[in-house]
Amino acid sequence: MSSITGPVGISVNPSVILVALVTLSTAIVFGLALLPRPSRATITWSAAFGIAMIATYVWVAAMQFDSAPLRAISSGLLVCFEPLLWLGVRFYAGKRPPWLAALAFPMFAPTVLVLFSGSEEYATVFRVVFTAAAVYAGLAAWELFRLRLTTHDVVLPLALVSCAFVVVAVVGLVAGVARIGSAPGDELSMLRDINGVGTVLTSQCASITIVLLARGESLLRTNLVRADQDEFGELRARLRRARGRQENSWSLLDVRLDDPSDLHDASGPAVYAGVVAAFQEHVRQALPASADMIWLAGERAIALLPGSEEAVRHHLRELLAHVSRIDERGTESAVRVSASIGWASVVSTGFDLDALRLDAAAGAEAARERGGDRWERASEVAATLGE
């Protein structure tokens, strides 16, 4: 008879761990974010995870066949995760999608790496590609910190790992330029290890943040009132009727409470809830009865209303004046209450609701960046940027 005289050693290939963890993260995002909450943001994020998962399987094949081109393709696909991640955050924030900037990199990175896969310049080219991906990581972190949430705890995993990505890329670029660190023969191995470890960390942190953003909005945004498809269907139907009758005197407003995080921190949850309730009531009072209004969150509303430009301007002035009087009615808030409003009209944008919402969101964001307590018209913002 034979007996076991010692512990049995188990050796696990690091590539298998990489594949397993990225596949797990992809399944989590698909199952807990995309399927229950399909949107442009979750679709984009899921596409990023799908590409990353495919890249890990290509990586395993490259190790098995010792193929430099396959390793280059895998590395190129892995770094493509960052621009798609940034694009998804832009979608989630309701901002205009930078299609060219986000999609050019996924086509560029794998192609360039494959072309240089067999040359001595591959390490240098990879550092450049990795640094370019870090730019998107930094942009994603910036957008995450700017999300209008009552708490930023849920964005910290992804935002911090994105910042770490930037730091690693900068240090690696400096080390490459100064030719310090590992010996030339070990440089490629080190770069691959960094890419693999970074992929594991980013996928895990990204899956946590994405699921919380997609599934936890009712907990993250105070007094969230979700607009369902039927409510948006009413707005689309009204716009279709207006288009059929050639009625061009329609506008869409994106009304946002300024600095909700500061208000929440300065006032406390109880007082802040009163501020949000007063904000909603003042918005309803300032807009005409003919306006169709949908609350995307307690501190953000979308309003579709008829009227000439002068009439809309009058309602905008009334709305800002109403909101500014909130702190005069006993809310005990240490921060002045104001609003930022984006205005898009069918004359400049057309009758498509999605286009109107994007333009109005851009106007609201511009108003907020210019100090708040004001409104900005989408066409005027675009003209200013064009100059």
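So in my numbering, spot 171 of the sequence shown is number 155, and the numbers just go up one at a time.
Even glycine gets a Cβ: it sits at the ideal position worked out from N, Cα and C.
Computed from a predicted model, the values in this text were never measured in an experiment.
Here V321 carries a coil assignment [DSSP, helix/strand/coil]. Between G282 and Q269, the C-beta spacing is not below 8 Å. Setting aside the 5 residues that flank it on each side, D276 is surrounded in the same chain by E218, L219, R222, A287, L288 and L289, each with a C-beta closer than 8 Å to its C-beta; the list follows chain order. DSSP places L62 within a helical segment (H, G or I) once states are collapsed to three.
CA-CA distance, V63 to R354, rounds to 34 Å. Between F65 and T186, the C-beta spacing is below 8 Å. Setting aside the 5 residues that flank it on each side, D242 is surrounded in the same chain by V321, S322, A323, S324, R352, G356 and D357, each with a C-beta closer than 8 Å to its C-beta; the list follows chain order. Scanning T26, P22, S30 and A153 for the CA closest to the CA of T10 turns up S30.
Distance between F335 and R224, taken at the CA atoms: about 7 Å. Looking only at Y256, S274 and Q188, the smallest Cα-Cα distance to I1 is reached by Q188. Bounds of the beta strand (DSSP E) holding R284 are R284 to P290. Your pair V44 and L61 does not check out as a contact, with CB atoms roughly 13 Å apart and the cut at 8 Å. The three-state reading of DSSP puts L241 in strand, counting E and B together.
For the options H306, R199 and A93, the alpha carbon positioned closest to that of T26 is the one of R199. Among the bridge pairs identified by DSSP, E360 is matched with G326.
Between the segment 143 to 152 and the segment 124 to 133, the count of Cβ pairs shorter than 8 Å is three or higher; the stretches touch. Across the structure, L19 and S103 are spaced so that their CA atoms are roughly 43 Å apart. Going by DSSP, L99 is part of no beta strand (DSSP E) but of the alpha helix (DSSP H) stretching over W83 to L99.
Within the same chain, Cβ atoms closer than 8 Å to the Cβ of R284 are found at R132, D238, V239, R240 and L241, the five residues on either side in sequence being excluded. Rounded to the nearest whole angstrom, the C-alpha separation of V150 and L304 is 40 Å. Collapsing the DSSP output to three states places L271 in coil.
V138 and G15 have their C-alpha atoms spaced approximately 19 Å apart. Take the alpha-carbon of S245 and the one of S251: they are about 10 Å apart. H298 sits exposed, since fewer than 16 C-beta atoms from the chains shown fall within 10 Å of its C-beta. In this structure, the CA atom of A86 is about 21 Å from the CA atom of V154.
Straight-line measurement puts the Cα of A262 at about 26 Å from the Cα of G291.
Rounded to the nearest whole angstrom, the CA to CA distance from E349 to Q48 is 50 Å. V98 is positioned such that its CB atom lies closer than 8 Å to that of A56.
Under the three-state reduction of DSSP, L157 is assigned to helix.
If the five residues before and after L271 are omitted, its C-beta is found closer than 7 Å to the C-beta atoms of M277, A287, L289, H299 and L303, all from its own chain and listed in chain order. For the pair S58 and A39, the CB atoms are nearer than the 8 Å cut-off. Around the beta carbon of P94, 16 or more other beta carbons lie within 10 angstroms, which makes this residue buried.
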